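Asks: Quick note on numbering: the sequence shown equals residues -17 to -1, 1 to 270 in mature numbering (1 follows the signal peptide of the UniProt record, and there is no 0).
Virtual Cβ for every residue (Gly too), placed ideally from N, Cα, C.
Quick caveat, the model's predicted, so the values are computed rather than measured.
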Amino acid sequence: MRKLLLLSILCPVVAFSQQRFHVTLFGGLSNYAGDLQDHQFTLQQSNFAFGAGLKYDLTPNFALRVAFTHGSIEGDDKKSKDAALRARNLSFFSKINEGSLLLEYTLLNLEERRFSPFIYGGLTVFHFNPYAYDSLGNKVFLKPLSTEGQGIDPDRKPYKLTQFAIPVGFGVKFRISDNTVLAYEVSVRKTLTDYLDDVSSTYFDKTELAAARGLKAVEMAYRGGEVKGGNTTYPDGGSIRGGSKYKDWYYFTGFTLYIGLGSGNGGGSPFGHTRGGRNQLGCPKVL
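See the structure below:
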C-alpha cells in the first residue's frame, strides 16, 4: 500500500515535468548580410551550421528555448557583381558561436494538429573573430590590425568580439511521432556591430596605420593591388571603404528536431491532451 501510495504521488509529478521538456537538435546553413555580401538574404557563400538545446513548454502554444549554435560566415569581393567592389578585393571568414534564450509561439496546438507555423524571439550572446588569408595564404586575424583605425583614432573605438544580438525566427513544425516534431526554420540575428566582416566606414591614413600597427595592417586594409590590373595605390584616408549606415546581420536556415523527454510511446500531454495511455515511466492510469 505504501509503494502504491508513493507511486500515486510521484508519477504524475515526474511525468508532468518530463513531458514539458524537449531536446532540440539543429542542422542547416549559416550566412551573413554586410559589406562583403551582395544580397540581404542568399544561400551563396553559406556554410554548414549545427546546434543543440532544450525547450520547456509553458502552455500548448508558448515555450522557452535555450540553445547553442555554431556556424561560419564569410564574404569575398571577388564574388561580387559590382566591379568597384571586386577591385577593392577584401574578404573575411569568421566562426560564430552563440547562446540564445528564446520565447517560442506555436500557432496551433500540436497535441491536436500535425503541423503548425511558429515564431520566436529573444536574446543572443555570440562570439566572432574575423580573419582573412594574405597573398601567401597565411591566416591573419583582422581585429588586432585596426584596419580602419579602431583604437588608433580616439573617435574609432575597437569593436568587441563577444556581443549581444536580437534573434527573430519563424518556420513550420510537423509532428512525426508522439514525442518527435520536425521543424523547418529561418532565423536572423540583428547585431549591434558593423564589424562582423571588419569593414564599416572609411580608409584610415596609410602612414598612421603603418606606424601604429605595421605594414601587415596596410596590406590587409586594402588589397586592390592583388587583383590583376587592379589599382595598387592605397586610397586616401577618409575615402569610403564600407557602408556604416546599417549594422551587420547573420542568419541560419535549416531543420530543428524536437524530441520530447518522457512523452513517447503514447505518453500523455501535461496540458490535458493524451496521445495514448500508459507513459514511459510505467505509471498506471488509475491507482
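Would you kindly check if the distance between the Cβ of residue 186 and the Cβ of residue 131 is under 9 Å?
Replies: As a position in the sequence shown, residue 131 is number 148, starting the count at 1. As a position in the sequence shown, residue 186 is number 203, starting the count at 1. Taking 9 Å as the Cβ cut-off, residue 131 and residue 186 qualify as a contacting pair.
Asks: Have a look at residue 249 and residue 161 and give me their C-alpha separation to the nearest angstrom.
Replies: Here residue 249 refers to the residue found at position 266 when the sequence shown is read from its first residue. Here residue 161 refers to the residue found at position 178 when the sequence shown is read from its first residue. Residue placement at residue 249 is poorly supported in this model, since its pLDDT is 43, which falls under 50; the coordinates still yield a value, given next. Roughly 6 Å between the two C-alpha positions.
Asks: On the premise that residue 107 lies in contact with residue 148, defined as a C-beta separation below 8 Å, what is that separation, rounded to the nearest angstrom?
Replies: In the sequence shown, counting from the first residue as 1, residue 148 sits at position 165. In the sequence shown, counting from the first residue as 1, residue 107 sits at position 124. Between residue 107 and residue 148 the Cβ distance is about 4 Å, and since that is below 8 Å, they are a contact.
Asks: Ordered along the chain, which non-local residues of its own chain (more than five positions away) have a Cβ less than 6 Å from that of residue 37?
Replies: Here the question's residue 37 lines up with position 54 in the sequence shown. Answer for residue 37: 49, listed in chain order.
Asks: Looking at C-alpha atoms only, which residue of 205, 39 and 142 is the closest neighbour of residue 86?
Replies: Here residue 86 is taken as the residue at index 103 of the sequence shown, counted from 1. The shortest C-alpha separation from residue 86 is found at 39.
Asks: Less than 9 Å between the C-beta atoms of residue 7 and residue 241, yes or no?
Replies: Position 24 of the sequence shown, counted from the first residue, corresponds to residue 7. Position 258 of the sequence shown, counted from the first residue, corresponds to residue 241. Yes.
Asks: Compare the beta carbon distance of residue 93 and residue 158 with 9 Å and say whether it is the shorter of the two.
Replies: Within the sequence shown, residue 93 is the residue found at index 110, counting from 1. Within the sequence shown, residue 158 is the residue found at index 175, counting from 1. Cβ distance < 9 Å, so residue 93 and residue 158 count as in contact.
Asks: Please go through the same chain and pick out, in chain order, the residues whose beta-carbon is closer than 6 Å to the beta-carbon of residue 135, but skip the five residues on each side of it.
Replies: Against the sequence shown, residue 135 aligns to sequence position 152. Hits under 6 Å: 129 and 195.
Asks: With DSSP as the reference, label residue 65 as helix, strand or coil.
Replies: Walking along the sequence shown from the start, residue 65 turns up at place 82. If DSSP states are grouped into helix, strand and coil, residue 65 belongs with coil.
Asks: Have a look at 118, 188 and 102 and flag the residue whose alpha-carbon is nearest the alpha-carbon of residue 169.
Replies: Within the sequence shown, residue 169 is the residue found at index 186, counting from 1. The shortest Cα separation from residue 169 among 118, 188 and 102 belongs to 102.
Asks: Quick one: complete beta strand (DSSP E) runs, 3+ long, within the segment 79 to 141?
Replies: Entirely contained in the segment 79 to 141, the beta strand (DSSP E) runs reaching 3 residues are, in chain order, 98 to 110, 114 to 116 and 122 to 124.
Asks: Rounding to the nearest angstrom, what Cα-Cα distance links residue 156 and residue 5 in this structure?
Replies: Position 173 of the sequence shown holds residue 156. Position 22 of the sequence shown holds residue 5. Each residue's alpha carbon lies about 14 Å from the other.
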